[in-house]
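Peer 1: One line per chain: the protein sequences are E and S, in this order.
Numbering of the first sequence is given in this note's numbering, commencing with residue 1 and proceeding in unit increments.
Numbering of the second sequence is given in this note's numbering, commencing with residue 777 and proceeding in unit increments.
Virtual Cβ for every residue (Gly too), placed ideally from N, Cα, C.
Attaching a single structure in structure tokens format; questions to follow.
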Amino acid sequence: MKIENKLLLRKIKKQFTQLLAAALIVAIGVGFFVTLKTVLFQYENMSEQYYKHYSLADYTIYSVGLDQSDVDKIKHIDGVNAAQGRFVADFKSGAATIRALSIPFKESLINKPYIYQGRHLENDDECMLLQKYAKANNLEIGDTIEIKIQNQKYVFKIAGLVSSPEYVYLVQSESVPMADAHDFGITFISENFFKSRLNSGYNQINVLFDDGADTAKIAEKIKEALIPKRISYDLFKSGQTSYKMYKDDLKQIDTLAYIFPVIFFIIGSMMIYVMQKRNVTKERKQIGIIKAMGLSDIKILFIYTKYSVLIAFLGSIGGCLLSISIGDYILNVFGEMFEIPGLAFTFYFYLWAVAFLLSLIVCVISNFVGIKAILKITPAEAMHAEKPKSGKKILLENIKPLWNSLSFNTRYALKASLRNKGRFFAVVLGMTAAVALTVFALGFNNSFDYLINNHYETFTKYDLAVSVQTTPLEKDIDVVSMPGVEKYSKATILPIKVEKDSKNLDYPLLITESGFDMLDIKNDTGKAVNLQDGIVLPIYIADKLGVSKGDKVKISSPSSSFDDVEVSISDLSIQASSFYVYTKFDFIKEKLNFDKAIYNTIFLKSNGDVKGLSKLINDSKSVISTTSKEQDKSTMLKLLDTISFMIQVIIVFAVILGIAVLYAVGIINLTARSYEFVVLKVMGYDTKDIVLACIKENLFQLILSLPFGFLLGNLIILGIKDEFSNDSFALTLHIYGESYWFAAILLIAISALIMIMSIRFINRVDMIEGLKSREE
Amino acid sequence: MNLYEIKNLVKVYGEKENKVHALNGVSINIPRGKFVVVLGASGSGKSTLLNILGGMDTPTEGEIFFDGENISKHTQSKLTKFRKENIGYVFQSYNLLPNLTALENVEFSTEIGKLPKDGAKNALTMVGLFERKDHYPAELSGGEQQRISIARAIAKKPKVLLCDEPTGALDYKTGIMILNVLCDINKKQSTSIILITHSQDIAKIADVVIKMRSGKIIDVFENPAPQSPNEVEW
Ligand SMILES: Nc1ncnc2c1ncn2[C@@H]1O[C@H](COP(=O)(O)OP(=O)(O)OP(=O)(O)O)[C@@H](O)[C@H]1O
Ligand SMILES: [Mg+2]
């Protein structure tokens, strides 16, 4: 082996734990990056394939009373690749809601189910059930499910367990974007069943466009072709909730895939800088000798660079191993939220190559900054003993009265801290990052928790929202007079398009009676919104549209046949979820030329037994479906459980980061100062006092890093909150006090651990050996 | 041709009121193959001169020719190459690399000079320390360390060996042994040696003696009958 490599190897052996600490930090950065990017790629590839092979509809028309002739008309439009009608409706199956989708016996053309197990339908009394729902309810192939359709119970035998490209996320409705598979399921039932038993035609037509077709134009043609039928709603793939959420998730994962590695890479590179700077100072004379012997600067730099290459190498390998070991687990966690068949952790070697290259660049650059002093070392000078350090004054010394009032011990602690600012701030930065990560992780969780609790405790005042058959407003239905109903309010929910200039968004319009108090809709001054002379938009929607209070927007709804009606925005509401556009019957009646008002939703408050009431209501003929506030809330909270694993992972990594930085820099500080400790000891200074000075230094660092860490944690959440907001909820920053406490105590515990190590080191410093160590 | 031709060398350290003229107009020719001793009191500029001769430092003014090549205006990288190819150093404080064994220290030098490795073993044998080759510097006495350091210097077959008070930290007997090794190298391999000392007695073994005071050469003379180190007493 070459001597220069031997030299390096022996150094590495001595500093192995420090090197490992730095490599560990790089490994976590690489691990995060590789894992999240793999999940992202895998998710992206598999879902694109899934969407393609299982033909997710490009465009869907919603209407009542469609039939095969309509489908045939659409089929022949230029640019339409395929069109298929179906009947879709929600029914009750016990306590659960089942959405039935009609499907032909021969293979479906659009939105094809993916069959995990079993086979396609062959009989009217068979169904294919969403596997997720089957699992949650312990159902297997051959079992039966009972569905109540128009007050009659039908039994279906399960022929296949499936997933659907339409339901990658189990979207029940805009307000329940990720339903609990125990309470909400999807089932495919033969088209024949609906035709023969229920005499129902289609209420949806799904369309696939040709590649590269002008979709907006074709959609217009389709709508024209269907005249005079009334289209209640039309939806492009890009507007489909599950598909939208998929796109949002991609963005979120991508954001995370950069944030964490950046933090860890910054800390890792800082560690390398500190370690190598110290090495060069320590080995100044040796470098001088080698230079005198005729080794060029470039070569010497190269030898020192190998050290950082090794860190990058170990870090990358470690990161990839980490990624392999947690990859499947992480995918499973994501799999709780979305379902894509065939999702498994895969090795993207070029990703690994990128990760390695990235860490190599980061390590080598920070290494270079640390060792560039090599260039300044001249052999003649280095041969002299140590370069005399100009006794640096610290700023505080200039404030004489204050400085003189400090004890020798405190002055020593201050001077020791600030003499090597690089190391001092390396520790502060490491502590800051550890605190920031912890605050971020807990705060992210807190923000969601707060959002959910606040939304369901203070915003939502009803117990049940009951979707009913359309009824004239003045007419009551049986639901409102059921025992247990304390209060009720009728409302209409219509899908509308809100338009401002070139922007338009699809949202439900909630039309309420006057005195509606089932939702506590407030504006940013904390007062109830003004529903008097216009519509109210949640701030989230207003921001997306770029409008503010007093502006005019156009609303249209094909199903209720009003088009481009201009209304002004009377107020903006503050809310985190359940985004509706609000208005009152009184206001909107004339605007929309309603000859008579109708309602399709009843909000209810129960005077006690919500579950019992819910059961009663579900048995009513006029009820289509009910959602309960409690159930929605628990579904949302369950979602929080799935991210709690991620939170734990981040906290563990924050702790590792803290320990690694404090340990590595701590060791350097101690060895660099051991000469000083010896001198103090020889002079008769008590070991206890030296330790006290170290503890004081540690305190300065804690005092600096805690507020910065808190701040940074907040900033990270603020920075990503928009990425994590979607049409179902808008995340706002809300960190509970105990999270700050937790982060602080965690950091103090880490510091204490490192302090114990320091005390042992100081106690062990050998006076004889120590006096020699100056020579190094 | 002379080994070194030096013209009006000036070296100034520091600035303004801190200015020190370590060398103040040194001109001299140093012949090839000779044992040259530079004699002078502490602070007279001996080490400064030697550093410049060895290409470790550059003069503030003046010119210095080695083998007819002007090295005073060399860039750092050219100086590095110059040192690698021509110069062997022996320092007062040995300056061995503590993490390398005796042999490795010497091999490092052949490695840098891109010479065959057995040169290292031969050099160790020459200073009589082959059997200690696997010992680390910390396990060797000062004299032994200095002999290793000489082996390191000669292993790369330099044209000139520059020794800055090689016996300064050693006792009398060990000093004699070191000087014997150096004389041997000078005679057998006809390697030029320039050695710094402030001892009049050591100067007696030289072929040429250069006397310095306050950054200037005050005397140069050839020694008609150089003594063997064994005859010297100090
Ligand atoms: N790097 C430096 N910066 C400033 N002054 C220096 C430097 N190196 C040497 N000097 C000064 O130059 C003068 C000559 O120093 P030099 O080391 O050449 O003396 P020397 O003859 O080798 O002495 P000694 O016998 O004590 O080793 C001294 O006055 C010294 O203080
Ligand atoms: Mg000297």
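Note down, in chain order, every chain E residue with its Cβ under 8 Å from the Cβ of glycine 889/S.
Peer 2: The sequence position of residue 889/S within the second sequence is 113, counting from 1. Going along chain E in sequence order, the residues near glycine 889/S (Cβ under 8 Å) are Gly294.
Peer 1: Indicate whether isoleucine 77/E and isoleucine 231/E have their beta-carbon atoms separated by less than 9 Å.
Peer 2: Start at 1 with the first residue of the first sequence, and residue 77/E comes out as number 77. Start at 1 with the first residue of the first sequence, and residue 231/E comes out as number 231. No, the pair does not count as a contact, with Cβ atoms beyond the cut-off.
Peer 1: Would you mind sorting proline 388/E into buried or exposed? The rule is 16 or more other CB atoms within 10 Å of its CB.
Peer 2: Here residue 388/E refers to the residue found at position 388 when the first sequence is read from its first residue. Unreliable placement is indicated for proline 388/E, whose pLDDT of 47 sits below 50; the coordinate value is still reported in the next sentence. Classification for proline 388/E: exposed.
Peer 1: So what does cysteine 127/E bridge to, in DSSP terms?
Peer 2: Translated into positions along the first sequence, residue 127/E becomes position 127. Partner(s): Ile158/E and Ile189/E.
Peer 1: Please tell me whether lysine 591/E and alanine 597/E are closer than 9 Å, where the distance is taken between their beta carbons.
Peer 2: In the first sequence, the residue the question calls residue 591/E occupies position 591. In the first sequence, the residue the question calls residue 597/E occupies position 597. The answer is no: Cβ separation not under 9 Å.
Peer 1: Is glutamate 1009/S helix, strand or coil when you go by DSSP?
Peer 2: Walking along the second sequence from the start, residue 1009/S turns up at place 233. If DSSP states are grouped into helix, strand and coil, glutamate 1009/S belongs with coil.
Peer 1: Which value, in whole angstroms, describes the spacing of the CA atoms of valine 882/S and glutamate 915/S?
Peer 2: Mapped onto the second sequence, residue 882/S falls at position 106. Mapped onto the second sequence, residue 915/S falls at position 139. Roughly 16 Å separates the two Cα atoms.
Peer 1: Using the rule of at least 16 other Cβ atoms within 10 Å of the residue's Cβ for burial, across every protein chain shown, is glutamine 18/E buried or exposed?
Peer 2: Translated into the one-based positions of the first sequence, residue 18/E becomes position 18. Glutamine 18/E comes out buried.
Peer 1: How would you write the range of the beta strand (DSSP E) that serine 557/E sits in, first residue to last?
Peer 2: What you label residue 557/E is simply residue 557 of the first sequence in a count that begins at 1. Looking at the DSSP string, the run of the beta strand (DSSP E) that includes serine 557/E is 552 to 557.
Peer 1: Identify the residues that DSSP records as bridge partners of asparagine 504/E: which are they?
Peer 2: Sequence index remark: in the first sequence, residue 504/E carries index 504 (1-based). BP columns for asparagine 504/E point to Glu499/E.
Peer 1: Look up phenylalanine 603/E in the DSSP assignment and give the residues it is bridged to.
Peer 2: The sequence position of residue 603/E within the first sequence is 603, counting from 1. Note: phenylalanine 603/E sits in a beta bridge opposite Ala465/E and Ser489/E.
Peer 1: Could you tell me the alpha carbon to alpha carbon distance between glutamine 49/E and lysine 376/E, rounded to whole angstroms?
Peer 2: Within the first sequence, numbered from 1, the residue matching residue 49/E stands at position 49. Within the first sequence, numbered from 1, the residue matching residue 376/E stands at position 376. Taking the straight line from one Cα to the other gives about 58 Å.
Peer 1: On the DSSP bridge assignment, give the partners of isoleucine 847/S in chain order.
Peer 2: Here residue 847/S is taken as the residue at index 71 of the second sequence, counted from 1. Answer by DSSP bridge pairing: none, since isoleucine 847/S is not bridged.
Peer 1: So leucine 662/E and isoleucine 754/E are supposed to be a Cβ contact under 8 Å. How far apart are they, rounded?
Peer 2: In the first sequence, residue 662/E corresponds to position 662, counting from 1. In the first sequence, residue 754/E corresponds to position 754, counting from 1. With 8 Å as the limit, leucine 662/E and isoleucine 754/E qualify as a contact, their Cβ atoms being about 4 Å apart.
Peer 1: If you draw a straight line from the C-alpha of asparagine 763/E to the C-alpha of glutamine 15/E, how long is it?
Peer 2: In the first sequence, the residue the question calls residue 763/E occupies position 763. In the first sequence, the residue the question calls residue 15/E occupies position 15. Distance between the alpha carbons of asparagine 763/E and glutamine 15/E is about 21 Å.
Peer 1: To test your reading of the DSSP string, which unbroken alpha helix (DSSP H) runs of 4 or more residues are found completely within the stretch 58 to 115 of chain E?
Peer 2: Listed in chain order, the complete alpha helix (DSSP H) runs (minimum 4 residues) inside the stretch 58 to 115 of chain E are 68 to 75.
Peer 1: Go through the stretch 2 to 53 of chain E residue by residue and report every complete run of the alpha helix (DSSP H) that reaches 4 residues or more, in order.
Peer 2: Correct list: 3 to 14 and 16 to 53.
Peer 1: Confirm the yes/no value for this check: CB of serine 975/S, any heavy atom of ligand 2, distance under 8 Å.
Peer 2: In the second sequence, the residue the question calls residue 975/S occupies position 199. Outside the cutoff, so no.
Peer 1: Let me check understanding here. Comparing Cα to Cα, which of Ile110/E, Ile287/E and Asn454/E lies closest to aspartate 209/E?
Peer 2: Here residue 209/E is taken as the residue at index 209 of the first sequence, counted from 1. Before going further, note that residue 209/E is phenylalanine rather than aspartate in the sequence given. For phenylalanine 209/E, the nearest C-alpha among the options comes from Ile110/E.
Peer 1: Using a Cβ-Cβ cut-off of 9 Å, state whether aspartate 297/E counts as contacting chain S.
Peer 2: Within the first sequence, numbered from 1, the residue matching residue 297/E stands at position 297. Cβ-Cβ to chain S under 9 Å: yes for aspartate 297/E.
Peer 1: Would you say serine 818/S touches ligand 2, meaning its beta carbon is less than 8 Å from a heavy atom?
Peer 2: Indexing the second sequence from 1 puts residue 818/S at position 42. Yes - ligand 2 has a heavy atom lying nearer than 8 Å to the Cβ of serine 818/S.
Peer 1: Which two residues bound the contiguous alpha helix (DSSP H) that contains aspartate 254/E?
Peer 2: Against the first sequence, residue 254/E aligns to sequence position 254. Note, aspartate 254/E: alpha helix (DSSP H), 241 to 282.
Peer 1: Taking isoleucine 263/E as the reference, give the member of Ile650/E, Gly515/E and Asn420/E with the closest Cα.
Peer 2: Numbered from 1 along the first sequence, position 263 holds the residue referred to as residue 263/E. When only C-alpha atoms are compared, the closest one is Ile650/E.
Peer 1: Can you tell me which residues fall inside 7 Å of ligand 4, judged by beta-carbon distance to its nearest heavy atom, and keep chain order?
Peer 2: Only ligand 1 and ligand 2 can be found as ligands here, which leaves ligand 4 out of the picture.
Peer 1: Flag leucine 396/E as yes when its Cβ comes closer than 8 Å to any non-hydrogen atom of ligand 1, and as no otherwise.
Peer 2: Numbered from 1 along the first sequence, position 396 holds the residue referred to as residue 396/E. False, no ligand heavy atom lies under 8 Å from that Cβ.
Peer 1: Assuming arginine 989/S is part of the beta strand (DSSP E), what are its boundary residues?
Peer 2: What you label residue 989/S is simply residue 213 of the second sequence in a count that begins at 1. First-last of the beta strand (DSSP E) with arginine 989/S: 984 to 989.
Peer 1: Under 8 Å from any heavy atom of ligand 1, does the C-beta of glycine 801/S make it?
Peer 2: Counting from one through the second sequence, the residue named residue 801/S turns up at place 25. It does not: the Cβ of glycine 801/S is nowhere closer than 8 Å to a heavy atom of ligand 1.
Peer 1: Ligand 1 heavy atoms versus the CB of alanine 382/E: any closer than 8 Å?
Peer 2: In the first sequence, residue 382/E corresponds to position 382, counting from 1. For ligand 1, not one heavy atom lies less than 8 Å from the Cβ of alanine 382/E.
Peer 1: Here's a check: name, in chain order, each residue in its chain whose Cβ is nearer than 8 Å to the Cβ of cysteine 959/S, leaving out the five neighbours to either side.
Peer 2: Numbered from 1 along the second sequence, position 183 holds the residue referred to as residue 959/S. Here the set comprises Phe811, Ile981, Ser1004 and Pro1005.
Peer 1: Would you call the CB atoms of serine 447/E and phenylalanine 579/E closer than 9 Å?
Peer 2: As a position in the first sequence, residue 447/E is number 447, starting the count at 1. As a position in the first sequence, residue 579/E is number 579, starting the count at 1. No; because the gap between Cβ atoms is not below 9 Å, this pair is not in contact.
Peer 1: Determine, using beta carbons only, whether leucine 876/S comes closer than 9 Å to chain E.
Peer 2: As a working mapping, residue 876/S is identified with position 100 in the second sequence. It does; some Cβ of chain E falls within 9 Å.
Peer 1: According to the neighbour-count rule (16 or more other Cβ atoms, all chains shown, within 10 Å of its Cβ), is tyrosine 456/E buried or exposed?
Peer 2: The residue labelled residue 456/E in the question sits at position 456 within the first sequence. The residue in question, tyrosine 456/E, is buried, as its Cβ has 16 or more Cβ neighbours within 10 Å.
Peer 1: Cα separation between glycine 118/E and lysine 157/E?
Peer 2: Within the first sequence, the letter at position 118 stands for residue 118/E. Within the first sequence, the letter at position 157 stands for residue 157/E. For glycine 118/E and lysine 157/E, the distance between alpha carbons rounds to 12 Å.
Peer 1: Nearer than 8 Å: is that true of the beta carbon of glycine 790/S relative to any heavy atom of ligand 1?
Peer 2: Position 14 of the second sequence holds residue 790/S. Within the cutoff, so yes.
Peer 1: Name the residue from Gln172/E, Val171/E and Ile145/E whose alpha carbon lies nearest to the alpha carbon of glycine 160/E.
Peer 2: By one-based count along the first sequence, residue 160/E stands at place 160. Nearest option by C-alpha distance: Ile145/E.
Peer 1: What in chain S is Cβ-close to aspartate 286/E, meaning under 9 Å?
Peer 2: As a working note, residue 286/E is residue 286 in the first sequence. Strictly speaking, residue 286/E in this sequence is glutamine, with aspartate absent from that position. Ordered by position in chain S, the residues that pass the 9 Å Cβ test against glutamine 286/E are Asn871, Leu873, Pro874 and Asn875.
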